[in-house]
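Asks: My numbering puts the first residue of the sequence shown at 43, with every later residue one more than the last. Even for Gly, the Cβ is constructed at its ideal location relative to N, Cα and C. A single structure is presented below for examination.
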Amino acid sequence: MGKHDTHISTSTANASNAEAVFHVSNLAYEGEFQDTDGFSSDVQDGDRPQEECGVFGIYAPGLQVARRTFFGIFALQHRGQESCGIAVSDGERIRIHTDMGLVSQVFNEDVLTGLPGHIAVGHNRYSTTGGSNACNSQPLSCLSSDGELALAHNGN
Numbered sequence: 043m044g045k046h047d048t049h050i051s052t053s054t055a056n057a058s059n060a061e062a063v064f065h066v067s068n069l070a071y072e073g074e075f076q077d078t079d080g081f082s083s084d085v086q087d088g089d090r091p092q093e094e095c096g097v098f099g100i101y102a103p104g105l106q107v108a109r110r111t112f113f114g115i116f117a118l119q120h121r122g123q124e125s126c127g128i129a130v131s132d133g134e135r136i137r138i139h140t141d142m143g144l145v146s147q148v149f150n151e152d153v154l155t156g157l158p159g160h161i162a163v164g165h166n167r168y169s170t171t172g173g174s175n176a177c178n179s180q181p182l183s184c185l186s187s188d189g190e191l192a193l194a195h196n197g198n
């Protein structure tokens with residue numbers, strides 16, 4: 043984000059494909075999936091999905107994306123409830139707001155209005171490393187040789 047055109051990728055699938063994937067994933071998660079080629083999934087307890095941080099990104103030229111990012115990380119609240127944040131860029135400057143707490147506690151209309159821009163990344167933190175404190179909230183920002191950068195990650 044910043045002076046260069048950096049894009050945050052988002053992927054979408056149509057509802058029927060997403061529902062089919064969800065159904066098969068649920069069956070596999072429960073250890074009940076067997077495909078037509080005879081493959082059987084014997085899921086061990088350690089193989090079950092693990093929840094970690096929630097990360098949301100959006101690139102929408104011509105639109106203000108802070109509110110959309112708010113709703114994105116609100117929908118991912120189950121992925122982390124310790125802290126959250128949003129970084130937004132208008133192509134010239136990055137503005138970041140992070141704090142401890144749930145999305146609905148950290149953001150209000152005034153905060154979202156103060157985050158103008160068309161590209162954003164949002165984050166909900168579920169700590170797997172490091173303490174649960176404000177200095178570990180994300181997104182993070184840094185200055186590189188190409189300009190300012192904001193990022194969020196899921197994992198250690």
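Which residue or residues does DSSP assign as beta-bridge partners of residue 130?
Replies: Counted from its first residue, the sequence shown places residue 130 at position 88. In the DSSP output, where bridge partners are listed per residue, residue 130 has 137, 162.
Asks: Out of 100, 121, 107, state which residue places its alpha-carbon closest to the alpha-carbon of residue 159.
Replies: In the sequence shown, residue 159 corresponds to position 117, counting from 1. Closest option to residue 159, judged by alpha-carbon separation, among 100, 121, 107: 107.
Asks: Does the contact criterion of 3 or more C-beta pairs under 8 Å hold for the stretch 164 to 175 versus the stretch 95 to 111?
Replies: Cβ pair count under 8 Å is three or more, so yes.
Asks: Looking at residue 138: is its Cβ nearer than 7 Å to the Cβ of residue 183?
Replies: Numbered from its first residue, the sequence shown carries residue 138 at position 96. Numbered from its first residue, the sequence shown carries residue 183 at position 141. The answer is yes: Cβ separation under 7 Å.
Asks: Whose CA, out of 176, 133, 174, 149, lies closest to the CA of residue 113?
Replies: Counting from 1 along the sequence shown, the entry for residue 113 is found at position 71. Distances from the alpha-carbon of residue 113 to those of 176, 133, 174, 149 put 149 closest.
Asks: May I ask you to list the residues that DSSP assigns as paired with residue 192?
Replies: Along the sequence shown, read from residue 1 onward, the residue named residue 192 stands at position 150. Note: residue 192 sits in a beta bridge opposite 183.
Asks: Tell me which same chain residues have a C-beta within less than 8 Å of the C-beta of residue 110, skipping the five on either side of it?
Replies: As a working note, residue 110 is residue 68 in the sequence shown. For residue 110, where only same-chain residues beyond five positions count, the Cβ hits under 8 Å are 100, 102, 162.
Asks: Sorry if obvious, but does the Cβ on residue 177 come closer than 6 Å to a heavy atom of the ligand ATP?
Replies: In the structure shown, the ligand ATP is absent, as is every other ligand, since no ligand is present at all.
Asks: Look up residue 169 in the DSSP assignment and say whether it is helix, strand or coil.
Replies: Residue 169 sits at position 127 when you count from the first residue of the sequence shown. It is coil, neither helix nor strand.
Asks: Can you tell me the Cα-Cα spacing of residue 144 and residue 176, whole angstroms?
Replies: By one-based count along the sequence shown, residue 144 stands at place 102. By one-based count along the sequence shown, residue 176 stands at place 134. Annotation: residue 144 to residue 176 spans about 13 Å, alpha carbon to alpha carbon.
Asks: Going by the beta-carbon positions, is the gap between residue 179 and residue 125 smaller than 7 Å?
Replies: The residue you call residue 179 lines up with position 137 of the sequence shown. The residue you call residue 125 lines up with position 83 of the sequence shown. Yes, the Cβ-Cβ distance between residue 179 and residue 125 is below 7 Å.
Asks: Check for me: the alpha helix (DSSP H) holding residue 114 runs from which residue to which?
Replies: Start at 1 with the first residue of the sequence shown, and residue 114 comes out as number 72. That run of the alpha helix (DSSP H) goes 108 to 117.
Asks: Compare the C-alpha of residue 197 against each of 172, 189, 191 and name the closest.
Replies: By one-based count along the sequence shown, residue 197 stands at place 155. If we check each option's Cα against that of residue 197, 172 comes out closest.
Asks: Please report the distance separating the alpha-carbon of residue 95 from that of residue 121.
Replies: If you number the sequence shown from 1, residue 95 lands on position 53. If you number the sequence shown from 1, residue 121 lands on position 79. Take the alpha-carbon of residue 95 and the one of residue 121: they are about 5 Å apart.
Asks: Assuming contact is defined by CB atoms lying nearer than 7 Å, are residue 136 and residue 192 in contact in what I supplied?
Replies: Against the sequence shown, residue 136 aligns to sequence position 94. Against the sequence shown, residue 192 aligns to sequence position 150. In contact: residue 136 and residue 192 (Cβ atoms closer than 7 Å).
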